Every structure is written in C-alpha cells, then in structure tokens.
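>
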Amino acid sequence: MGLTNRSTGSNVLQEELKIECAPGDKIIALSGNPNVGKSTVFNSLTGMNQHTGNWPGKTVANARGRCRHRGRNFIIVDIPGTYSLMANSAEEEIARDFVCFGNPDAVVVVTDATCLERNLNLVLQILEITDKVVVCVNLIDEAERKKIRIDFAELSRRLGVPVIPTNARRKKGLNELMDAVYAVTNGKIRLNPIKITYDKAIEQAVEIIQPEVRKLTGGRINNRWVALKLLDGDEHIIGSISRHTGIDLAGNANLAALLGKAKQYLAENGIKPEDFRDKTVSRLVTVAEELSRETVTFENRQYNSIDRKIDRVLTSKIFGLPVMLALLAMILWLTVEGANLPSSILADFLFGIEKKISEIILSSGSPAWLHDILVHGMYRTLAWVVSVMLPPMAIFFPLFTFLEDLGYLPRVAFNLDNFFKKACAHGKQALTMCMGFGCNAAGVIGCRIIESPRERLIAILTNNFVPCNGRFPTLIAISVIFFGGAIGGAFQSAVPTLAVTGVVLFGIIITLLVSRILSKTVLKGYPSSFALELPPYRRPQIGRIIIRSIFDRTLFVLGRAVAIAAPAGLVIWIMANVAVNDISLLKHAADFLEPFGRLLGMDGYILMAFILGLPANEIVIPIIIMSYTASGAMLEFDTLKDLKQLLDANGWTWLTGLNVMLFSLMHFPCGTTLWTIRKETGSMKWTLAAFAIPTAAGIAVCLIIAAAARIFGLA
Amino acid sequence: MKGITIPLNCLPVGKKAKVKLLRSDGIIRRRMLDLGLIPDTVVEAIQKSPSGDPTAYYIRGAVMALRSEEAGRILVEMA
Numbered sequence: 000m001g002l003t004n005r006s007t008g009s010n011v012l013q014e015e016l017k018i019e020c021a022p023g024d025k026i027i028a029l030s031g032n033p034n035v036g037k038s039t040v041f042n043s044l045t046g047m048n049q050h051t052g053n054w055p056g057k058t059v060a061n062a063r064g065r066c067r068h069r070g071r072n073f074i075i076v077d078i079p080g081t082y083s084l085m086a087n088s089a090e091e092e093i094a095r096d097f098v099c100f101g102n103p104d105a106v107v108v109v110t111d112a113t114c115l116e117r118n119l120n121l122v123l124q125i126l127e128i129t130d131k132v133v134v135c136v137n138l139i140d141e142a143e144r145k146k147i148r149i150d151f152a153e154l155s156r157r158l159g160v161p162v163i164p165t166n167a168r169r170k171k172g173l174n175e176l177m178d179a180v181y182a183v184t185n186g187k188i189r190l191n192p193i194k195i196t197y198d199k200a201i202e203q204a205v206e207i208i209q210p211e212v213r214k215l216t217g218g219r220i221n222n223r224w225v226a227l228k229l230l231d232g233d234e235h236i237i238g239s240i241s242r243h244t245g246i247d248l249a250g251n252a253n254l255a256a257l258l259g260k261a262k263q264y265l266a267e268n269g270i271k272p273e274d275f276r277d278k279t280v281s282r283l284v285t286v287a288e289e290l291s292r293e294t295v296t297f298e299n300r301q302y303n304s305i306d307r308k309i310d311r312v313l314t315s316k317i318f319g320l321p322v323m324l325a326l327l328a329m330i331l332w333l334t335v336e337g338a339n340l341p342s343s344i345l346a347d348f349l350f351g352i353e354k355k356i357s358e359i360i361l362s363s364g365s366p367a368w369l370h371d372i373l374v375h376g377m378y379r380t381l382a383w384v385v386s387v388m389l390p391p392m393a394i395f396f397p398l399f400t401f402l403e404d405l406g407y408l409p410r411v412a413f414n415l416d417n418f419f420k421k422a423c424a425h426g427k428q429a430l431t432m433c434m435g436f437g438c439n440a441a442g443v444i445g446c447r448i449i450e451s452p453r454e455r456l457i458a459i460l461t462n463n464f465v466p467c468n469g470r471f472p473t474l475i476a477i478s479v480i481f482f483g484g485a486i487g488g489a490f491q492s493a494v495p496t497l498a499v500t501g502v503v504l505f506g507i508i509i510t511l512l513v514s515r516i517l518s519k520t521v522l523k524g525y526p527s528s529f530a531l532e533l534p535p536y537r538r539p540q541i542g543r544i545i546i547r548s549i550f551d552r553t554l555f556v557l558g559r560a561v562a563i564a565a566p567a568g569l570v571i572w573i574m575a576n577v578a579v580n581d582i583s584l585l586k587h588a589a590d591f592l593e594p595f596g597r598l599l600g601m602d603g604y605i606l607m608a609f610i611l612g613l614p615a616n617e618i619v620i621p622i623i624i625m626s627y628t629a630s631g632a633m634l635e636f637d638t639l640k641d642l643k644q645l646l647d648a649n650g651w652t653w654l655t656g657l658n659v660m661l662f663s664l665m666h667f668p669c670g671t672t673l674w675t676i677r678k679e680t681g682s683m684k685w686t687l688a689a690f691a692i693p694t695a696a697g698i699a700v701c702l703i704i705a706a707a708a709r710i711f712g713l714a
Numbered sequence: 000m001k002g003i004t005i006p007l008n009c010l011p012v013g014k015k016a017k018v019k020l021l022r023s024d025g026i027i028r029r030r031m032l033d034l035g036l037i038p039d040t041v042v043e044a045i046q047k048s049p050s051g052d053p054t055a056y057y058i059r060g061a062v063m064a065l066r067s068e069e070a071g072r073i074l075v076e077m078a
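In order, the protein sequences belong to chains Y and U. Residue numbers for the first sequence follow numbering that gives the first Met the number 0, beginning at 0 and rising by one. Residue numbers for the second sequence follow numbering that gives the first Met the number 0, beginning at 0 and rising by one.
What follows is the structure, given as structure tokens:
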C-alpha cells in the first residue's frame, strides 16, 4: 500500500474545474486567505448555506452558487482559502488552477481588514496572473472595533483595481462589490493593475523566454507569469498547463534552449536557482508591506491585546487542557440535561398519535399486515429516531457552532499539537478531528487541509474514532440509562455526562495511538511542517448560529436518519415476521451472531443492529429496539425509563451498555463516510483499511473489557 | 541579549526579534516565505502551547503557530 498520486486523491480535484454555465453568464472566482469570511461572502451573495466557521481551512473544495445582479447572472465559485498560489498543497493547487485555467470572468479576492498586509501578498500573486480582479476588504467592522483605519481609495489607486470594503456578516457593501464585479466583467472600468518588477537580472531573464512563451500559449494564459514560473523551476505548473490547455511546454525544444540560456544568465548575475524563489517571493512581501504602510493606520497599537489575554488563559500551561475538557463536558452536560424534557414531550406526542394513525390506516380498509408494517415497522422507528435524536442535536450543534464561530477550534489544535507531533501526525489533524464531531464524512473531506499525503491518510483513517452526530444520541441515551441513576437530584446528569466525555477522550487517545502505530508501520515517516494561524476571536452571532446549526446541520442529519430509518424499520419488521422453520429470519440472524456478540459483552441483536446500521449510525438503537420488541413482548415505550425496562428484560447489564458505547465509538464508518474515503483516497485498499482498523480496535477493546469483567466476576 | 543571533524557537515569550536567515529549504522554506518571514521581518513570540511546543508568533499582523522544528531553522536577531 504505497503512497501514489492515485491514493492522495489529486484525480478527484481535477473534475472540480469544469463549470457549467449558460451563454452570457459570468464566472466569478472567490479567492482569499483562509478564514477571512470568504464563505460568508459566498453565502450572502448566493443565498446559499455553505458552512462557515472561524478557523482556517474549512472550505476545501470549490463550492458554486448563483447570484443575479443588474439583470445579469453570475456564477460564484468559492475556491479554497490559501495564503499563496505557489501550489504547496492540494488545496493551493485547486485554487491556483481555477484562477489560471478555470477562465473566470473576474476574481474577487476577499481579504481580512484586520490583517491586510499578509492578505495583500495573495492579492499581488493573483494580479500577476490576471488583471480582472476586485479586492474585497471584509471584516471592516472588526477593523473598526480595533481602530484600524484603511484608506480604500488610495489602496485602489495603488493596486489599480477596485477595492470594496464589506461586512459580509451584516451584508454591508455587497451591492457595491457586485457593482464593481459587474463593471469589471463588462469592461466598464479601466483596470490598471500594479506591475511588480523584480531585480534587473530576473527581468532580463524573463525577457529572454517570454516571447517564446507568448508564441506557444497565445493569449490564453498570462505569459509573463508563466515565464516567471518556468524560471522558478516549477514543474507542477508545466503539468497543469498541458492538462488544462493541451499546450505542451515541456516538449518544446526552442523553449528548452531559451530557458537554459535564461537560467545561465541568472547564474552569471549571481542568482542561483534556490535564490530565485526567495527573491520573487520577498519582493511581493515587500510590496505588500509598502502598500500596507501607506494605506493602513493603527490608531491603537494594542488592538489585539484582549485576544492575547484570552489566549493566555485558553492555551496556558495550567488551564489550557483543563479548560478544553471542561468545555467539552459542559457542552455534553447541557445536551444531556437539556434534552431530557423535550425528548419525553416529543415521544409522548409521537407515540400518542400512533393510535390515531392506526385508526386512519385501518379505516381506509388496508389489510392488517400492511398496517403492521407501516405503523409497527416504519412509524415507530421514525418516532424513536425523531424523539431521541432531535433534542440533543438541536442543543449540541448550536453550542459547538458557537465555539467554532468564536475561533476556539484553532486553539484546540494549538493545545493538542504536541500530542499529534509525538504520534508523528499533523497538527491540523486536531481540526479534522473536530470536524468529525459533526460528521465523519465531512471530517474526511476536511483532511484536504493537510498537505502531506502520508499525514492526510492517517487523519482520514482515524477520523472515525471521534463520535459523529449520528452516534452522540446513542452514547447519550445509553449513558443516561445505565449510568444515570448513580446520583439523584440536581446532579443526576453528571455521571452520564462524565461517561460520554470519557468515551470521547478515549476516542482521542485511540486516535493518537492508531496514528502512531500507522506512522511506525505502513505509513512510515516524520511529521511534516506545521504552521497554524490562530485567528482573532470574533463575536459570535447568536441568532445566526441557531438558525444555521438547526437548519444546516440538525435537520440535515435528522433527514438522513429518517430517510434511512423508515426503510430499515420496514426491513426489520419483515425479518421479524417472515419465518423459516417456525423461527423468524431476524432470530436466525441474531442466533448466528449470538456467540460472537456474547464474547464481546453484547448480544447477537446488537451486532446485527450495528451491521444493519451501516448506512447510518443513527439507526443502531432504533434497530435494537425494533428487534427486541418484534421478537419478544410488544412493549409500549415512550421514555428512556421504558427503554431501560426493555433493555433489562433482554439481559443488558452495565457491561452491555459500556461495550455498546465503546463499539459505537469504534466500528466501521457509516456508508457515506466509506464512500467519501474511497473518493478522497482513490483507493479501495485504504477504504478497506478505514473499515478494518476501527472495527478491529472495537472488537479488541470490547473483548478485553468483557473478559476482564467476567474474570473478576463483575458481570 | 540585544543584537545576538538565535534560532527563533529560543526567543523568549514576550520578546521581539528580526529575521536574519532561513535555514529550511524546499516546501517548508516556501511556506515560511509565504507567511512573510523574509529577512528583517520583525516577529514576536507571544504564547507557548500547554506542552511548550508549538509556539505562537506575531508575524506581520497575524498570529501563527510554528513547531520548534520549523522555528528552529529561522535565525533571528534579538531586538
């Protein structure tokens, strides 16, 4: 299992360049540094709900949306945020290729008003490729708060392209932004982009090869830029050019000869190949510095002192890790505690109307078996999924999104980086792990922010060790049932909260352990470089958070669960009611799995539920309930207490509860995640590894715990 | 301490220094340059992570965390 181009997914990235559009539609690329509010600008322009958050690297693929302005259609493409277009990583390559070869009618570079100097570096790099640029200086509200003044007119004059101040979160300045885009795409503005000139020797070298480059590429790509890249010895760009335009620069003897001459000229003038890039990059940095010095004034030099004070606590030696754990426990506690009441109200309601639904179906003249399938099979599973999953998700998601918006996740990565380094993994794996809390498939896609293929694979293979939203309700329900009775009164949620926190922590430890094992065996190597931006804290917008997290995440996950739960309920009902040799299919299957299930401290029905839950982890508990009720006494259950009775009646002990939680944490990823891993790695072998590694870990842990419990006579 | 040249990872928290030399090469060198770490850039060490590594530096208006391996290959002159 070697690391090849195929297994790192660069083939996936190619298909993202093609944009379908009607004649007359204008394609607008939205680029910018990571974490400057690019996705917020995108959402505000297109009315779409691309996920936003205050941490670098959240947009890893090109998202597309439409926007209509002054009677014209614009297709907005949100390309990954990058610091540079030097194509050091997969996402930088996507960004650069889209700007170069996606033929956008204009490029909007979104920049952060509070950190303009660093952002201008990318603006200058893009201006070297294309003239059709509009600079959007976003987050002007944050800049005002920090007393940072920007002379937009002067900046625009110096850059030679429109510069528009915006506050995308409040939709300020977006009309002006689109006006400028409209003007640029229609040739209504005279663009006079800044020309960056390098050392005399470099300029001379460019002149040697530029005419030949112009001849070969025609007007299709900026030939000065291509000449600079060729002198830089950037081999990727030659490949990209031939892939996207069919122009073969590598095979041209004339160009090769001129390039040799130009490089010799550089050497004669004291510019060694390794100096070339230093000189060109440094020049851009210096120009950005000059521009910033002339157009930005800091009225308060201490403008980020509050951020530093917060960081001194949140990432301190003493408080850093405890605060992190406490925040996790607090979120889980609020979720457990807060979900109780709405869960039982929802259950009362949904199971309460079951009779009504029965009456309606039976009175319509449907046969009894159809009624049973629909009500006892599909409806009950659905009712369970909704009443148990909706409340915790509706609490957990907004709380998590709050921390995300605030900018806490990069601090988590900062705090945990040393552990990941010791596991020979990438520090940003902490970020992809956090994404996994939302959804493992999203976490796997998020691994694109990791540049090194080896570390990216490790992050992909271990992402499943953090419980996603589909699994949190299972963990919460079971811990409340089996560990909830320990302490009564106001603290009765404390023990289940600690149990779930413990499971999450255990998952993180396993992540680190498996990462290390992989690094020492099949994915040998040293940790690669790591530079992580700690963005300024931003005031979260509570209203937005609630709306976004409920509509984008909660309803999405719930919708998926419902879509799968209904047919799964149907399958279970049929299996429970179709008998072979007087024994139902369900029992046949469970009996077959029973010995192995017992060995793991669980039973056959539970294992079957995990297997049938492959399409979506959300339905594992509903399947367990369905199978118990279908094969035994039909219990009316509508609270967790009733569920406890059902589980007790089927022989569950604390050991069963614990092992179900652990196996839920560590087993094969859901179907969607596996499919995503297949797509991202481009390799069936790694997909199988992603299936096998957590399953093996789960089996091993459950075996050990079950055996230990039996030996010590605890269960 | 003023004027002496040290690797960036040895810069005490709260102190500023000027970049003198990048000793890294390849992609890491490019990344450092992209962050604006060219000679004479002023950087300030502002925070160590709980376990002492990585360290956050204030570079050209942004806060960037670097592992000691990368920071150790950047030579700076203390201000």
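Positions of the beta carbon are idealized from the N, C-alpha and C atoms, including for glycine. Quick caveat, the model's predicted, so the values are computed rather than measured.
Report the rounded CA-to-CA distance for glutamate 403(Y) versus glutamine 209(Y), giving the unit in angstroms.
In the first sequence, the residue the question calls residue 403(Y) occupies position 404. In the first sequence, the residue the question calls residue 209(Y) occupies position 210. If you take the alpha carbons of glutamate 403(Y) and glutamine 209(Y), they lie about 47 Å apart.
> Going by C-alpha distance, which of Arg709(Y), Phe550(Y), Glu298(Y) is nearest threonine 113(Y)?
If you number the first sequence from 1, residue 113(Y) lands on position 114. When only C-alpha atoms are compared, the closest one is Glu298(Y).
> Find out if the Cβ-Cβ distance for the pair isoleucine 125(Y), valine 106(Y) is shorter than 7 Å.
Here the question's residue 125(Y) lines up with position 126 in the first sequence. Here the question's residue 106(Y) lines up with position 107 in the first sequence. Yes, the Cβ-Cβ distance between isoleucine 125(Y) and valine 106(Y) is below 7 Å.
> Would valine 62(U) count as contacting chain B if we go by Cβ distances under 7 Å?
Absent from the structure is chain B; the protein chains it does hold are Y and U.
> What is the DSSP secondary structure of glycine 697(Y), counted as helix, strand or coil?
Numbered from its first residue, the first sequence carries residue 697(Y) at position 698. Of the three classes helix, strand and coil, the one that applies to glycine 697(Y) here is helix, per DSSP.
> Between the beta-carbon of glycine 600(Y) and the beta-carbon of leucine 592(Y), is there less than 7 Å?
Reading the first sequence from its first residue, position 601 is the one you call residue 600(Y). Reading the first sequence from its first residue, position 593 is the one you call residue 592(Y). No.
> Report the neighbours of phenylalanine 723(Y) on chain U: residues whose CB is nearer than 9 Å to its CB, in chain order.
Here chain Y comprises residues numbered 0 to 714, so residue 723(Y) is not present and cannot be evaluated.
> Which residue marks the beginning of the alpha helix (DSSP H) containing valine 41(U), and which one marks its end?
Along the second sequence, read from residue 1 onward, the residue named residue 41(U) stands at position 42. Element bounds for valine 41(U): not the alpha helix (DSSP H) but the beta strand (DSSP E), 41-47.
> Chain U beta carbons: is any one of them nearer than 7 Å to that of valine 280(Y)?
Stepping through the first sequence from its first residue, residue 280(Y) is reached at position 281. It does: the Cβ of valine 280(Y) has a partner Cβ on chain U nearer than 7 Å.
> Counting pairs of Cβ atoms below 8 Å between the segment 153-165 of chain Y and the segment 133-140 of chain Y, do you hit three or more?
Yes: at least three Cβ pairs fall under 8 Å.
> Applying a beta-carbon distance threshold of less than 8 Å, which residues of chain U neighbour glutamate 234(Y)?
Residue numbering aside, residue 234(Y) sits at position 235 when the first sequence is read from its first letter. Going along chain U, no residue has its Cβ under 8 Å from glutamate 234(Y), so there is no contact; the nearest lies around 13 Å.
> Quick one: is isoleucine 37(U) near chain Y, going by C-beta distance under 7 Å?
The residue you call residue 37(U) lines up with position 38 of the second sequence. With 7 Å as the cut-off, isoleucine 37(U) counts as an interface residue toward chain Y.
> How big is the Cα-Cα spacing for lysine 214(Y) and asparagine 253(Y)?
As a working note, residue 214(Y) is residue 215 in the first sequence. As a working note, residue 253(Y) is residue 254 in the first sequence. Rounded to the nearest angstrom, the two C-alpha atoms are 11 Å apart.
> With a threshold of 7 Å between beta-carbons, can proline 6(U) be considered close to chain Y, or not?
Translated into the one-based positions of the second sequence, residue 6(U) becomes position 7. So, not an interface residue.
> Does proline 11(U) come within less than 7 Å of chain Y when only Cβ atoms are used?
On the second sequence, residue 11(U) is found 12 positions in, with the first residue counted as 1. Not one chain Y Cβ lies under 7 Å of proline 11(U).
> Given 8 Å as the limit, is there contact between the segment 459-468 of chain Y and the segment 497-506 of chain Y, that is, 3 or more CB pairs closer than that?
Result yes; three or more Cβ-Cβ pairs closer than 8 Å.
> Tell me, please, which residues DSSP counts as bridged to alanine 55(U).
The count along the second sequence starts at 1 and reaches residue 55(U) at position 56. Paired residue(s): Gln46(U), Ala64(U).
> Can the beta-carbon of valine 499(Y) be found closer than 7 Å to that of leucine 522(Y)?
As a working mapping, residue 499(Y) is identified with position 500 in the first sequence. As a working mapping, residue 522(Y) is identified with position 523 in the first sequence. Going by C-beta atoms, valine 499(Y) is not nearer than 7 Å to leucine 522(Y).
> Per DSSP, what are the beta-bridge partners of leucine 20(U) in this structure?
Looking up residue 20(U) in the second sequence gives position 21. In DSSP, leucine 20(U) forms a bridge with Leu74(U).
> What is the rounded straight-line gap between the Cα of leucine 327(Y) and the Cα of tyrosine 536(Y)?
The count along the first sequence starts at 1 and reaches residue 327(Y) at position 328. The count along the first sequence starts at 1 and reaches residue 536(Y) at position 537. Each residue's Cα considered, the two are about 19 Å apart.
> Taking Cβ-Cβ distances shorter than 8 Å, what residues in chain Y pair up with leucine 32(U)?
In the second sequence, the residue the question calls residue 32(U) occupies position 33. Within chain Y, the residues near leucine 32(U) are Arg276, Asp277, Val280, Ser281, Val284.
> In the DSSP assignment, find the unbroken alpha helix (DSSP H) run with arginine 307(Y) in it and report its ends.
Counting from one through the first sequence, the residue named residue 307(Y) turns up at place 308. 304-313 is the span of the alpha helix (DSSP H), which, as asked, contains arginine 307(Y).
> Return the bridge partner residues of phenylalanine 297(Y) from the DSSP annotation.
For the purposes of this step, residue 297(Y) is taken as the residue at position 298 of the first sequence. Answer is Ile147(Y).
> Would you identify the three-state DSSP class for methionine 633(Y), choosing helix, strand or coil?
Taking the first sequence and counting its residues from 1, one reaches residue 633(Y) at position 634. Confidence at methionine 633(Y) is low in this model, with a pLDDT of 43, below 50, so its placement is unreliable and the value that follows should be read with caution. Methionine 633(Y) falls in the coil class under three-state DSSP.
> Below 8 Å, can you find three or more Cβ-Cβ pairs linking the segment 56-65 of chain U to the segment 430-450 of chain Y?
No, the segment 56-65 of chain U is not in contact with the segment 430-450 of chain Y.
> Please confirm whether aspartate 432(Y) has its beta-carbon closer than 7 Å to some beta-carbon of chain U.
Taking the first residue of the first sequence as 1, we reach residue 432(Y) at position 433. Here the sequence assigns methionine to residue 432(Y), which means aspartate is not the residue at that position. Answer no: the Cβ-Cβ gap between methionine 432(Y) and chain U never drops below 7 Å.
> Could you say if the segment 336-343 of chain Y and the segment 377-392 of chain Y meet the contact criterion of at least three C-beta pairs nearer than 8 Å?
These segments touch.
> According to DSSP, what are the bridge partners of proline 164(Y)?
Here residue 164(Y) refers to the residue found at position 165 when the first sequence is read from its first residue. Bridge partners of proline 164(Y): Val136(Y).
> Could one say the Cβ of arginine 29(U) lies closer than 7 Å to chain Y's Cβ atoms, at least one of them?
Indexing the second sequence from 1 puts residue 29(U) at position 30. At least one chain Y Cβ lies under 7 Å of arginine 29(U).
> Report the partner residues of serine 30(Y) according to the DSSP bridge assignment.
By 1-based counting over the first sequence, the position of residue 30(Y) is 31. BP columns for serine 30(Y) point to Val108(Y).
> Check each candidate in Val180(Y), His587(Y), Pro495(Y), Tyr197(Y) and name the one with the smallest Cα separation from leucine 190(Y).
Reading the first sequence from its first residue, position 191 is the one you call residue 190(Y). Selected option, being the one with the closest Cα: Val180(Y).
> With distances taken between CB atoms, is the gap from leucine 290(Y) to leucine 119(Y) smaller than 7 Å?
As a position in the first sequence, residue 290(Y) is number 291, starting the count at 1. As a position in the first sequence, residue 119(Y) is number 120, starting the count at 1. A contact, by the Cβ cut-off of 7 Å.
> Less than 7 Å between CB atoms is the rule here; does arginine 86(U) satisfy it with respect to chain Y?
Given a span of 0 to 78 for chain U in the structure shown, any question on residue 86(U) remains unanswerable.
> At least one CB of chain U closer than 7 Å to the CB of methionine 601(Y): is that the case?
Here residue 601(Y) corresponds to residue number 602 of the first sequence, with the count starting at 1. No - not a single Cβ of chain U is within 7 Å of the one on methionine 601(Y).
> In or out: phenylalanine 550(Y) buried (at least 16 other Cβ within 10 Å) or exposed?
The count along the first sequence starts at 1 and reaches residue 550(Y) at position 551. Result: exposed.
> Among Leu173(Y), Glu116(Y), Ser363(Y), which residue has its Cα nearest to the Cα of arginine 292(Y)?
As a first step, residue 292(Y) must be located in the first sequence, where it is residue number 293. It is Glu116(Y) whose Cα lies nearest to the Cα of arginine 292(Y).
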